[in-house]
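Visitor: Letter by letter, the sequence shown follows residues 1 to 197 of UniProt numbering.
No residue lacks a Cβ here, since even glycine has one placed at the ideal position from N, Cα and C.
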Amino acid sequence: MARMSDLESVFCRTPPWRAFARRFVVPRVLPRDPAALGAEVLEIGCGSGAMAAEVLRARPDIRRYVATDVDPAMVALARRQLAGFGDRAAVEEVDASGLPFADGSFDAVVSWLMLHHTITWEQVLADAVRVLRPGGLLAGYDLSDSRRGRFVHRVTRSTVRMVAPDDLTAELEGLGLGDVTVRPLGIAGAYRFSGRR
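#1: Can you say whether Asp61 is buried or exposed, counting buried as having 16 or more other CB atoms within 10 angstroms of its CB?
#2: Quick test of your reading: Gly136 and Arg197, contact by CB under 8 Å. State the CB separation rounded to the nearest angstrom.
#3: Start and end of the alpha helix (DSSP H) containing Val181?
#4: Which residues in the same chain have their Cβ closer than 7 Å to the Cβ of Pro184, if we skip the five residues on either side of it in sequence?
#5: Could you check what DSSP says for Leu115 in three-state terms: helix, strand or coil?
#6: Going by DSSP, name the residue or residues bridged to Gly45.
#7: Which residue or residues does DSSP assign as beta-bridge partners of Thr68?
#8: Where do the N-terminal and C-terminal ends of the alpha helix (DSSP H) with Ala53 fall, by residue?
#9: What residue from Val180, Cys46, Glu54 has the CA that sits closest to Ala139's CA?
#10: Do the segment 121-134 and the segment 164-177 touch if we need at least three Cβ pairs shorter than 8 Å?
#11: Given a cut-off of 8 Å on the beta-carbon distance, is the pair Ile187 and Phe24 in contact?
#12: What is the residue span of the beta strand (DSSP E) that Leu125 lies within?
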């Protein structure tokens, strides 16, 4: 799996990113029903842990949130960011294309602005679905393969693939998920997506 560009890595550590996540992103990407995520959540590609912290603040009913990232520097940042959540949060160095968790381990798997960092996003999604419990939710948001999304991708010097919403929809349905939705997020050419196992 690829890592973030240097620019993205620096930006996701900043207070403006945390404020943006809290004020604009979390309200748009979290399911409106607090019970939709369930009690045990896996995040793939957590970066600095900013989104994980905001989700844990917004959803005190989450009992266990496992944040993962392939980059050791991001894992260290996320551990510091999530230390105040005690046993509710764990951070592990994991490649999302080969998750070390048993089948059916989580109520939800979330991916916040991570798929465009992967070379094999289809494999990442297949493994995410594998670790979902029956009825579990796969949800997230990412940059779309659109004019604005490609602009952000160029500015951040990201070198990996963009995911077109139609391709994502077909992949999620092909993995056997139901209630699949892929919709514009209204921020920088991004879209949100979800589906149930």
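Guide: A quick look at the data gives this:
#1: When all chains shown are included, Asp61 counts as exposed.
#2: 5 Å
#3: It is worth fixing the name first, because residue 181 is Thr in this sequence and not Val. It is not in any alpha helix (DSSP H) - Thr181 instead sits in the beta strand (DSSP E) that spans 178-184.
#4: Sequence-distant partners of Pro184 (beyond 5 residues in either direction) whose C-beta falls short of 7 Å from its own C-beta, in its chain, are Tyr191.
#5: Looking at Leu115 - three-state DSSP - the assignment turns out to be helix.
#6: Partner(s): none; Gly45 has no beta bridge.
#7: Ile44, Glu92
#8: The continuous alpha helix (DSSP H) containing Ala53 extends over residues 50-58.
#9: Closest by C-alpha distance to Ala139, out of Val180, Cys46, Glu54, is Val180.
#10: yes
#11: yes
#12: No beta strand (DSSP E) contains Leu125, which is instead part of the alpha helix (DSSP H) from 121-130.
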